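J.: Read in order, the letters of the sequence shown are residues 1 to 311 in the UniProt record's numbering.
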Amino acid sequence: MHRLQLHFKSEIYDLEELKQGFTNKVYKFRVKNNWYIYKEYSQTNENEISVLTKISIPSIVYNHPSYRIEEYLENKELDYIEDMKDIILAMKEMHALDSENVMTFESLVECLYQDAITNIKCKAVGEEKVCLKNLNNAEEYVRQTLGILRDNALKLYKENEYKEGLCHNDLQPNNMLKTQNKVVIIDYEFATKGDVLFDIANLFCETHIDYKNKTCVYKAELGYKEEHEIDFLKTYFEGQEVNIEDIRMRINNFKLISHFIWFLWAIPKLTEHTNEEFKYDNYAKDRLHALIESGFVCLEEAYMFNNILFK
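1) Check whether chain B comes within 8 Å of E301, counting only Cβ atoms and requiring the distance to be less than that.
2) Quick one: residues in its chain with C-beta nearer than 8 Å to the C-beta of E164, no 5 flanking neighbours on either side, listed in chain order?
3) If I'm right that L15 touches F29 with Cβ under 8 Å, what's the distance once you round it to whole angstroms?
4) Could you check whether F204 and I251 sit closer than 8 Å to each other, using their CB atoms as the reference points?
5) Can the beta-carbon of I55 be found closer than 8 Å to that of V183?
6) Could you check whether the region 155-171 touches the region 91-108, counting it as contact only if at least three pairs of C-beta atoms, one from each stretch, sit closer than 8 Å?
7) Give me, in chain order, the residues of the same chain whose beta-carbon lies closer than 6 Å to that of K32; leave out the 5 immediate sequence neighbours on both sides.
8) Does DSSP put Y67 in a helix, a strand or coil?
9) Taking the alpha carbon of H64 as the point to measure from, which residue in D187, F254 and I49 has its own alpha carbon closest?
10) According to the Cβ coordinates, are L264 and L291 closer than 8 Å?
11) Closest to E70 by CA distance: which of G295, Y303 and I186 is it?
12) Check V242 in the structure and name its three-state DSSP category.
The following block contains the structure:
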């Protein structure tokens with residue numbers, strides 16, 4: 001409340017914490033007849049602050065290294081299929097923005113990797129713990145394996161590059177607001193200068209995560225089917241001479257990288273958080289399962305990950 005009073009002379013009303021943020025604390029409040037959002041960062045993110053200078057909506061009232069205040073946009077629940085055209089329009093507008101002074105995708109992956117390897121804690125118990133014998137060696141094996149997978153992911157990314165743009169990289173329901181006139185993209189915590197096809201591939205993956213029921217599990221029956229993905233790509237590239245099958249092949253490769261970076265992201269959360277609003281165990285296991293099914297992670301690596309990272 002003290003921070004808000006620094007920026008508003010009038011009385012502050014109806015301060016309410018919102019549960020939509022999985023990383024940062026988010027509050028909604030009113031000053032006179034206007035509604036605002038206060039977002040307190042879990043850690044300083046100079047990259048996001050830089051990206052926000054390029055965004056016109058929502059209007060930023062105050063942008064501080066530790067928090068920001070922005071206008072609240074009235075919105076309703078977004079439907080991936082019904083609102084596909086509006087999602088595409090919002091993404092194309094974002095992808096066309098200047099990405100100068102925005103960190104690279106490679107830098108994002110390195111940040112997630114470093115955060116993961118410094119927060120590995122063995123959760124094996126009983127016989128599983130005995131089988132691992134030397135826990136220090138087991139944890140080091142996981143670190144080394146993650147390093148190899150990181151290198152493989154970046155190599156795959158490079159091999160499938162298509163077109164550079166300003167990419168969000170975290171387009172899940174809480175970060176897309178369906179307003180009266182359009183879909184507005186918010187929260188650029190993971191934004192990078194990167195390949196637009198990765199951003200699209202990541203969105204395709206996100207449509208299958210069950211955020212609504214707070215289980216955070218990956219469900220094939222949710223989200224875009226193959227025909228939806230094809231429609232999405234045809235609409236996104238409408239008026240351009242492109243090879244949709246080639247793009248789909250690249251998209252499928254980028255999906256593997258999406259699963260890997262969000263698996264990395266979840267690793268520190270397994271020990272740091274007990275957030276009942278987000279099931280980090282479910283989320284990490286399902287991302288790992290997708291990597292195993294694709295062959296990106298082998299069975300030996302999967303065994304070690306499962307026995308060390310999960311109870």
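Note that beta-carbon positions come from the ideal geometry of N, C-alpha and C, so glycine has one too. Everything numeric in this text was worked out from a predicted model, so none of it was measured.
T.: So, from the listed chains and residues:
1) The displayed structure is made up of one protein chain only, and chain B is not part of it.
2) Only S99, K193, G194, D195 and V196 meet the Cβ criterion.
3) Right, their Cβ atoms sit about 4 Å apart.
4) Yes. Within cutoff.
5) No, Cβ-Cβ distance for I55 and V183 is not below 8 Å.
6) Yes, since at least three Cβ pairs between the region 155-171 and the region 91-108 fall closer than 8 Å, the two stretches touch.
7) Cβ neighbours of K32 beyond the five flanking positions: S10.
8) Note: Y67 maps to strand in three-state DSSP.
9) By alpha-carbon distance to H64, the top candidate from D187, F254 and I49 is I49.
10) Result no, Cβ atoms of L264 and L291 do not sit closer than 8 Å.
11) Nearest C-alpha to E70: I186.
12) Reduced to three states, the DSSP call for V242 is coil.
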